[in-house]
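Structure record follows, encoded as structure tokens.
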Amino acid sequence: MKPYKNKINRIRSFALSLIFIGVVIMYLGIFFRNNEIIMLIFMVLGMIAILGSVVVYAWIGSLSTRALQIICPNCGKQTKMLGRVDMCGHCREPLTMDPSLEGKEFDVAYNKPSVRKETTKK
Ligand SMILES: [Zn+2]
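Position 42 of the sequence shown, counting from 1, maps to 24 under my numbering, and the rest follow consecutively.
Written out as structure tokens, the structure is:
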């Protein structure tokens, strides 16, 4: 099984882990309560991580509006795809909007502009 995931799901889990990391960093700061400066640094770093996740969540929101909503041909559920190739968020079925890539092995590299040029040339 290749480690590819639906892009929006992947970004969402990244934002979730940022919140978790931020909370852990702020929690670690409590152990340094004898040293105000170190505790403050931990608190600020934790806040940055949590704010970062807020930014990422806002980014997912704007990505979702641009994402294509399709019905997965494999599981029949509605999923959103980003870019030229993506994966179903429910069953990890590879999806493509490009007929020239149909039947080819799923590869995230197809989303890179340089690879895109190469495959359209052939
Ligand atoms: Zn599916």
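Ideal Cβ placement from N, Cα and C applies to all residues, glycine included.
Residue interval of the beta strand (DSSP E) (run including residue i)
| i | result |
| --- | --- |
| V67 | 67 to 69 |
| K62 | 60 to 63 |
Cβ-heavy atom distance, residue i to ligand 1, below 7 Å
| i | result |
| --- | --- |
| K108 | For residue 108 there is no data in the structure shown, the boundaries of the chain being -17 and 104. |
| Q(-13) | In the sequence under discussion, the amino acid at residue -13 is Lys, which differs from the Gln named in the question. Flag unset: Cβ of K(-13) not near ligand 1. |
| E75 | yes |
| N56 | yes |
With 16 other Cβ atoms within 10 Å as the buried cut-off, status of residue i
| i | result |
| --- | --- |
| K104 | Note that K104 has pLDDT 48, beneath the 50 cutoff, so the model's placement of it is unreliable and no number is given. |
| T47 | exposed |
| S35 | buried |
| L50 | exposed |
Among the options, the one whose alpha carbon lies nearest that of residue i
| i | options | result |
| --- | --- | --- |
| Y9 | P81, L22, D68 | L22 |
N- and C-terminal bounds of the alpha helix (DSSP H) containing residue i
| i | result |
| --- | --- |
| M29 | 18 to 48 |
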